[in-house]
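Student: Provided herewith is a single structure, encoded as structure tokens, for subsequent inquiry.
Protein chains: 2
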Amino acid sequence: MAKVKIIDVAREAGVSLGTVSNALNHPEKVRPDTRRLIQEAIDRLGYTPNQSARLLAGGRNTAIGLVLPRLNHGTSLQVANGAHAEALKLGYDLLIATSSNKRDLERHYLDYFMGTQVAGVLVQPAEIERWQPYPHTFAPTVYVGVHSDEPGLFVTADHRAQGRIVAAHLITRHAERVAIVGHAANQTLRLRLEGARDAFAARPDIALEVLDAGEGDVSGDGYSLGHQIARRRADERPDALLALTDELGAGAIAGIMAAGLTVPDDLMVAGCGGNPLAWGGAVSLTTSAPTGYEVGRKAVQLVVEAIELKRAEERASIRQVRTTMPRSAAPLPRAPLAEEHEPLTHHELVRPFLLARESTGGTGTVTPLGTQTALIPELNLGVYL
Amino acid sequence: MAKVKIIDVAREAGVSLGTVSNALNHPEKVRPDTRRLIQEAIDRLGYTPNQSARLLAGGRNTAIGLVLPRLNHGTSLQVANGAHAEALKLGYDLLIATSSNKRDLERHYLDYFMGTQVAGVLVQPAEIERWQPYPHTFAPTVYVGVHSDEPGLFVTADHRAQGRIVAAHLITRHAERVAIVGHAANQTLRLRLEGARDAFAARPDIALEVLDAGEGDVSGDGYSLGHQIARRRADERPDALLALTDELGAGAIAGIMAAGLTVPDDLMVAGCGGNPLAWGGAVSLTTSAPTGYEVGRKAVQLVVEAIELKRAEERASIRQVRTTMPRSAAPLPRAPLAEEHEPLTHHELVRPFLLARESTGGTGTVTPLGTQTALIPELNLGVYL
DNA sequence: CTGAAAGCGCTAACAC
DNA sequence: GTGTTAGCGCTTTCAG
Chain E
0 MAKVKIIDVA
10 REAGVSLGTV
20 SNALNHPEKV
30 RPDTRRLIQE
40 AIDRLGYTPN
50 QSARLLAGGR
60 NTAIGLVLPR
70 LNHGTSLQVA
80 NGAHAEALKL
90 GYDLLIATSS
100 NKRDLERHYL
110 DYFMGTQVAG
120 VLVQPAEIER
130 WQPYPHTFAP
140 TVYVGVHSDE
150 PGLFVTADHR
160 AQGRIVAAHL
170 ITRHAERVAI
180 VGHAANQTLR
190 LRLEGARDAF
200 AARPDIALEV
210 LDAGEGDVSG
220 DGYSLGHQIA
230 RRRADERPDA
240 LLALTDELGA
250 GAIAGIMAAG
260 LTVPDDLMVA
270 GCGGNPLAWG
280 GAVSLTTSAP
290 TGYEVGRKAV
300 QLVVEAIELK
310 RAEERASIRQ
320 VRTTMPRSAA
330 PLPRAPLAEE
340 HEPLTHHELV
350 RPFLLAREST
360 GGTGTVTPLG
370 TQTALIPELN
380 LGVYL
Chain U
0 MAKVKIIDVA
10 REAGVSLGTV
20 SNALNHPEKV
30 RPDTRRLIQE
40 AIDRLGYTPN
50 QSARLLAGGR
60 NTAIGLVLPR
70 LNHGTSLQVA
80 NGAHAEALKL
90 GYDLLIATSS
100 NKRDLERHYL
110 DYFMGTQVAG
120 VLVQPAEIER
130 WQPYPHTFAP
140 TVYVGVHSDE
150 PGLFVTADHR
160 AQGRIVAAHL
170 ITRHAERVAI
180 VGHAANQTLR
190 LRLEGARDAF
200 AARPDIALEV
210 LDAGEGDVSG
220 DGYSLGHQIA
230 RRRADERPDA
240 LLALTDELGA
250 GAIAGIMAAG
260 LTVPDDLMVA
270 GCGGNPLAWG
280 GAVSLTTSAP
290 TGYEVGRKAV
300 QLVVEAIELK
310 RAEERASIRQ
320 VRTTMPRSAA
330 PLPRAPLAEE
340 HEPLTHHELV
350 RPFLLAREST
360 GGTGTVTPLG
370 TQTALIPELN
380 LGVYL
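For the protein sequence lines, the chains are E and U, in the order given. According to numbering that gives the first Met the number 0, numbering within the first sequence proceeds without interruption in unit steps and concludes at 384. According to numbering that gives the first Met the number 0, numbering within the second sequence proceeds without interruption in unit steps and concludes at 384.
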């Protein structure tokens, strides 16, 4: 049971150590039947390469680290699943750690990942309002779910587009008086609001009002607002509500119905953001689709791109050193790192699409909840729906 | 930006390499002010220890690997969260990987973890019906959610106790005719059924029938069975339904109500297994609590126990070699591993508790859903409820 | 393809 | 407490 190492495999297969190493890392350099011999020895002995040694010696790590603030929130889960799917596809392993939404734990895992020489790292920062990129990142790093003016790699849902798309939908549904509902205290909601305004800007004939829903932007706020609106005189009442979150939207529907009106006949309601947790109401809610899965996929694509670029550069710089240096004497000085170019910068906004459902009188475009996953496999809404 | 290493820190702090290493791994061996000096140098330089080198050189890894079949199912998430909390508490890091419910990916990540010399590994196997422990595990391994006759470490929810506890509850609610509903095709459901039978065994006066719900044990099966039962003549009708899954239970409630009876007045219904996903119905469902969180915690406790035992043994065996060997000549032969004792064996069954709610006429013991998390913090039902 | 050898960055043992 | 050094298991190179 003593740990079996590469030399044991070599002996078992009757080849040299270097050949086994090559079979593992550069199979094309080893004759197929030798390769088979080695593979058999590996299986017989139950050999598992020591990743530490492999990495230390300069081997390529194929693991990507992902630091998530939580493991119980819909969005993070979607990100994780999307990232996992894409990593698998691209031949990378994905390792997930949770920061419990604490900056120091986040930092800890980031350092840990860097220390294990992962190929790249994805972070969905905790406390996103006051946040900034980490210095000292030796592996390509992609930030998920945040904006920043600093250089770097970022992937976020396009919140502005979410507002726009939902607003546009209300317009096609012939809304004439629209109330936008929400507190818009944070960046996300502000962007959705702006997006909605953008969409309505082209239609000055549509009456617009913005109603603050109270600090929380939670279901209860939506309920009371919905109730309140439903009790206005018919000629002062909007015919459509655009809630800046799905929770608000779901709450509003309940409030409206409690006041004796019907959705969508008396009043249309649309949510925003695609939060599956708020989809359980009596009338299914029109909203923008959740984009977490796509965000996760994009993040992996970006980080892999950066990883491979970096490797190409390293190879190039090594080659350069070789041809430049007189191959002689003295240990080679450390190959100069490809010049300290600025980190890549790329802000990727993931575009939402619309889920038109009952609350806006959805017709042909209604996507019934039960079959969602089947219809839009990429969405991966998950079992927890 | 060239990677800073321990020797750089040593120079920066004006001490020797060994001292820095000690400061990091055995702080008690270094004078506090020296330690401070070193810490400052570390911060100034942004030093991050190379985990690969550290491990290769025999350092202690504090990471535990967790392989989960999915990242979107309630139970796995609970396990992950419980494991994370406990690992944090015990000073270990937790790294999570997903097998997409495939044996080969599971195997891959397991090997990967072993290769990175994690301190221990937790696995919730995919395809649990036909399953067996892995050989060649060099790190302590705990299997989650499965039974086995092989030696090893296992943590599972006590399914039998779940059946028992729910059955006992129906008894205290004065059920006189009970129908147990479910197909019991898999081990889990069979155990719940046995548990329920155990509980009723003491009360031969209670009429018992078992109704097969159809292969799927899904909500729809529950619905039709509930409907069917509700339409029996009152004197042939059970007064209580014990569904072997919460999905069945929730479906049954809907079916009963559709047939014009009320729950719990005409017919009590209880579920089993504590599946939050099935808790959305009109009448809240009595069930046994989900134990995933506790399973995760227990699993970490077990693996850490095994890790520390193993370390203690290694220390002991090294000491033995030292005192035995004449300290002289020739490189020491590899310290004989503590004799190849059988792997530890421990089957831990996590006991459920009851969530008595409306569907069985819950009274004082009813735990309102909204406040669940607050009342029972250990439960950690998660936001997705 | 083989065989030998130079590290990768660090820990732990040792002598001081 | 400090400074020095021998590996940990592997990848890579280099000369056969």
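Beta carbons are placed, not taken as given, at the ideal position from N, Cα and C, and that holds for glycine. Only a predicted model underlies this, so the values are computations on that prediction, with no experimental measurement involved.
If I follow the unbroken alpha helix (DSSP H) through U/L65, where does it start and stop?
Tutor: Here residue 65 of chain U refers to the residue found at position 66 of the second sequence. Careful: U/L65 lies outside any alpha helix (DSSP H), inside the beta strand (DSSP E) at A62 to L67.
Student: Would you verify that the beta carbon of U/A388 is, or is not, closer than 8 Å to some beta carbon of chain E?
Tutor: Lying before the first or after the last residue shown, residue 388 of chain U is absent from chain U, which here runs from 0 to 384.
Student: Considering U/L397, what are the terminal residues of the alpha helix (DSSP H) in which it resides?
Tutor: For residue 397 of chain U there is no data in the structure shown, the boundaries of chain U being 0 and 384.
Student: Determine, for E/A446, whether the minimum Cβ-Cβ distance to residues of chain U falls below 8 Å.
Tutor: There is simply no residue 446 of chain E to check, as chain E begins at 0 and stops at 384 in what is shown.
Student: According to DSSP, is U/G17 part of a helix, a strand, or is it coil?
Tutor: Within the second sequence, the letter at position 18 stands for residue 17 of chain U. Note: U/G17 maps to helix in three-state DSSP.
Student: What residues match up with E/F153 in a beta bridge as DSSP calls it?
Tutor: Here residue 153 of chain E is taken as the residue at index 154 of the first sequence, counted from 1. According to DSSP, which records beta bridges pairwise, E/F153 is partnered with E/Y142 and E/H346.
Student: For U/T244 and U/A251, what's the separation of their Cα atoms in angstroms?
Tutor: Your numbering for residue 244 of chain U matches position 245 in the second sequence. Your numbering for residue 251 of chain U matches position 252 in the second sequence. Going from the Cα of U/T244 to the Cα of U/A251 covers about 11 Å.
Student: Assuming U/I127 is part of the alpha helix (DSSP H), what are its boundary residues?
Tutor: Here residue 127 of chain U is taken as the residue at index 128 of the second sequence, counted from 1. Careful: U/I127 lies outside any alpha helix (DSSP H) and carries neither H nor E.
Student: Just to confirm, is the Cβ distance from U/S218 to U/L284 under 8 Å?
Tutor: What you label residue 218 of chain U is simply residue 219 of the second sequence in a count that begins at 1. What you label residue 284 of chain U is simply residue 285 of the second sequence in a count that begins at 1. Not a contact, by the Cβ cut-off of 8 Å.
Student: Rounding to the nearest angstrom, what Cα-Cα distance links U/V117 and U/V165 in this structure?
Tutor: In the second sequence, counting from the first residue as 1, residue 117 of chain U sits at position 118. In the second sequence, counting from the first residue as 1, residue 165 of chain U sits at position 166. C-alpha separation (whole angstroms): 40 Å.
Student: Starting from the Cα of U/L55, find the closest Cα among U/N100, U/R34, U/G114 and U/I255 and give me that residue.
Tutor: Counted from its first residue, the second sequence places residue 55 of chain U at position 56. Answer by Cα proximity: U/G114.
Student: Listed in chain order, which residues of the region 86-97 of chain E have Cβ atoms closer than 8 Å to some Cβ of chain U?
Tutor: L87, D92, L93, L94, I95, A96 and T97
Student: Per the contact definition of three or more C-beta pairs closer than 8 Å, is the region 22-41 of chain E in contact with the region 82-102 of chain E?
Tutor: no
Student: With a threshold of 8 Å between beta carbons, is U/N390 in contact with chain E?
Tutor: Outside the displayed range of chain U (0 to 384) lies residue 390 of chain U, so it cannot be described from this structure.
Student: Please report the straight-line C-alpha distance between U/Y292 and U/T97, rounded to a whole angstrom.
Tutor: For the purposes of this step, residue 292 of chain U is taken as the residue at position 293 of the second sequence. For the purposes of this step, residue 97 of chain U is taken as the residue at position 98 of the second sequence. U/Y292 and U/T97: Cα-Cα distance of roughly 18 Å.
Student: Taking the alpha helix (DSSP H) that E/A258 falls in, what are its first and last residues?
Tutor: As a position in the first sequence, residue 258 of chain E is number 259, starting the count at 1. First-last for E/A258: undefined, no H or E at that position.
Student: Hey, how far is the Cα of E/T344 from the Cα of E/E313?
Tutor: Translated into positions along the first sequence, residue 344 of chain E becomes position 345. Translated into positions along the first sequence, residue 313 of chain E becomes position 314. Cα-Cα distance, rounded: 19 Å.
Student: What distance in whole Å lies between the Cβ atoms of E/V268 and E/A242, which are believed to be in contact at a cut-off of 8 Å?
Tutor: Within the first sequence, numbered from 1, the residue matching residue 242 of chain E stands at position 243. Within the first sequence, numbered from 1, the residue matching residue 268 of chain E stands at position 269. Confirmed, Cβ separation roughly 7 Å.
Student: Got a sec: is the Cβ-Cβ distance from U/P139 to anything in chain E below 8 Å?
Tutor: In the second sequence, the residue the question calls residue 139 of chain U occupies position 140. False, the Cβ-Cβ gap to chain E never drops below 8 Å.
Student: According to DSSP, what are the bridge partners of U/T285?
Tutor: The count along the second sequence starts at 1 and reaches residue 285 of chain U at position 286. In the DSSP output, where bridge partners are listed per residue, U/T285 has U/A269.
Student: Can you tell which of U/L70, U/G81, U/A22 and U/A167 has its C-alpha closest to the C-alpha of U/A198?
Tutor: For this step, residue 198 of chain U is matched to residue 199 along the second sequence. U/A198 has its Cα closest to that of U/A167, out of U/L70, U/G81, U/A22 and U/A167.
Student: So, is the C-beta of U/K309 closer than 8 Å to a C-beta in chain E?
Tutor: By one-based count along the second sequence, residue 309 of chain U stands at place 310. False, the Cβ-Cβ gap to chain E never drops below 8 Å.
Student: Check this for me: beta carbons of E/C271 and E/Q161, under 8 Å apart or not?
Tutor: Counting from one through the first sequence, the residue named residue 271 of chain E turns up at place 272. Counting from one through the first sequence, the residue named residue 161 of chain E turns up at place 162. Contact flag set, yes.
Student: Applying a beta-carbon distance threshold of less than 7 Å, which residues of chain E neighbour U/A253?
Tutor: For the purposes of this step, residue 253 of chain U is taken as residue 254 along the second sequence, with counting starting at 1. Near U/A253 there are no residues of chain E at all, since even the closest Cβ is about 14 Å away, more than 7 Å.
Student: Is it the case that the Cβ atoms of U/W130 and U/V143 are separated by a distance below 8 Å?
Tutor: To locate residue 130 of chain U, count along the second sequence from 1; it is residue 131. To locate residue 143 of chain U, count along the second sequence from 1; it is residue 144. No; because the gap between Cβ atoms is not below 8 Å, this pair is not in contact.
Student: With a threshold of 7 Å, establish whether the CB of E/G248 neighbours any heavy atom of the ligand NAP.
Tutor: The model on display carries no ligand, and the ligand NAP is accordingly not part of it.
Student: From the DSSP output, in three-state form, read off E/R310 for me.
Tutor: By 1-based counting over the first sequence, the position of residue 310 of chain E is 311. Three-state DSSP puts E/R310 in a helix.
Student: Please report the straight-line C-alpha distance between E/R236 and E/P351, rounded to a whole angstrom.
Tutor: Residue 236 of chain E sits at position 237 when you count from the first residue of the first sequence. Residue 351 of chain E sits at position 352 when you count from the first residue of the first sequence. Using only the alpha carbons, I get a separation of about 29 Å.
Student: Provide the residue(s) that pair with U/V303 in DSSP beta bridges, ordered along the chain.
Tutor: Along the second sequence, read from residue 1 onward, the residue named residue 303 of chain U stands at position 304. According to DSSP, which records beta bridges pairwise, U/V303 is partnered with nothing at all.
Student: Would you call U/L308 buried or exposed, if buried means 16 or more other Cβ atoms sit within 10 Å of its Cβ?
Tutor: By one-based count along the second sequence, residue 308 of chain U stands at place 309. Exposed is the call here.
Student: In three-state terms, what does DSSP make of U/G248?
Tutor: Sequence index remark: in the second sequence, residue 248 of chain U carries index 249 (1-based). Here U/G248 sits in helix by DSSP.
Student: Counting only beta-carbon atoms, is E/D220 nearer than 8 Å to chain U?
Tutor: Taking the first sequence and counting its residues from 1, the one referred to as residue 220 of chain E is at position 221. So, not an interface residue.
Student: Rounded to the nearest angstrom, what separates U/E347 and U/E208 at their Cα positions?
Tutor: Reading the second sequence from its first residue, position 348 is the one you call residue 347 of chain U. Reading the second sequence from its first residue, position 209 is the one you call residue 208 of chain U. About 31 Å.
Student: Contact defined as beta carbons within less than 8 Å: I believe E/L70 pairs with U/A79. What is the distance between those atoms, to the nearest angstrom?
Tutor: Along the first sequence, read from residue 1 onward, the residue named residue 70 of chain E stands at position 71. Along the second sequence, read from residue 1 onward, the residue named residue 79 of chain U stands at position 80. At roughly 5 Å, the Cβ-Cβ gap stays under 8 Å, so E/L70 and U/A79 are in contact.
Student: Buried or exposed for U/P134, please, with buried defined as at least 16 other CB atoms from any protein chain shown within 10 angstroms of its CB.
Tutor: If you number the second sequence from 1, residue 134 of chain U lands on position 135. Burial call: exposed.
Student: For a contact meaning CB atoms closer than 9 Å, what does U/Q116 contact in chain E?
Tutor: On the second sequence, residue 116 of chain U is found 117 positions in, with the first residue counted as 1. N49, Q50 and S51, listed in chain order.
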